[in-house]
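Throughout the sequence shown, residue numbering follows my numbering, covering -17 to 197 in sequence.
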Amino acid sequence: MSFSLKRLFLTIAGVMICSFSVGIFQIVEFGVDPFQCFAMGTHNPFASVLSYGTYYSLISFIFLAIDFFLDRHYIGLATFINIFLTGYIVDFSYKWLLTIFVDLNMVSRVVLLLVAIVVMCFGSSMYYTGDLGVSVYDTISLALADRKPKVFGKVVPFKYIRVFFDLLCVIIGFSFGKIPGIGTVITAFFMGPLIDFFNVHVMQPFVKDDKTFGK
């Protein structure tokens, strides 16, 4: 894969922006994305001894070990940036935002939810456009889809594999006390079109003169 400073910028900035948006999702209390639901839920029993950032990195390394067995070609620089930055930025942004938004009414929560969705989609567009690897969670669904698993003789497409794992994450997170909400539903089903909008209208014009893209 070709490498450039522009790719690196998009990757690091995208991961940081996505992570920051999770802090916004947390303060409005309308639910977070499926993997964060899983991570935050399973973190509950260890919250007294481990910060969320440290716990997120630890479980990410467990997923990374699984990824190496499934398909290591999806692992790249962005994978490790995600492992080491995401949890700590989520932790920081949540605590910092709590000092700013002390008492939110329903209207404020809805507005901030919409802001969080837009911010997450924008960051995701940057991260995907950088194309320097994917997160340890994304790798599992992609790798399994590449193997073309069959159910009743028919190949299961990626979208259904991803929905299965998203639902599994939500169920596990819920069983450990993390309550999913409308934010979880929106991130699971409605982020695609907005990410595509940012890809077409913002990221593609931004990288059009960089010959490392598209290779």
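C-beta atoms are modelled at their ideal positions from N, C-alpha and C, and glycine is treated no differently. Every value quoted in this text rests on a predicted model; they were computed, and no experiment measured them.
Asked	Found
First through last residue of the alpha helix (DSSP H) which encompasses PHE7	-13 to 10
Residue of PHE180, ILE122, ASP191 minimising C-alpha distance to LEU(-4)	Residue identity differs from the one stated: residue -4 is Gly in this sequence, not Leu. It is PHE180 whose Cα lies nearest to the Cα of GLY(-4).
Alpha helix (DSSP H) segment containing LEU86, residue limits	Segment: none, LEU86 is in no alpha helix (DSSP H) and carries neither H nor E.
Beta-carbon proximity check, ILE71 vs PHE2, cutoff 8 angstroms	yes
Extent of the continuous alpha helix (DSSP H) to which ALA127 belongs	118 to 128
Short Cβ contact (8 angstroms threshold) for SER(-14) with THR61	no
Segment contact flag, the region 78 to 90 with the region 147 to 164, C-beta cutoff 8 angstroms, min 3 pairs	no
The region 157 to 175 contacting the region 28 to 40, beta-carbon criterion three pairs below 8 angstroms	no
Residue range of the alpha helix (DSSP H) that includes GLY163	Counting along the chain, GLY163 falls outside any alpha helix (DSSP H), and DSSP gives it neither H nor E.
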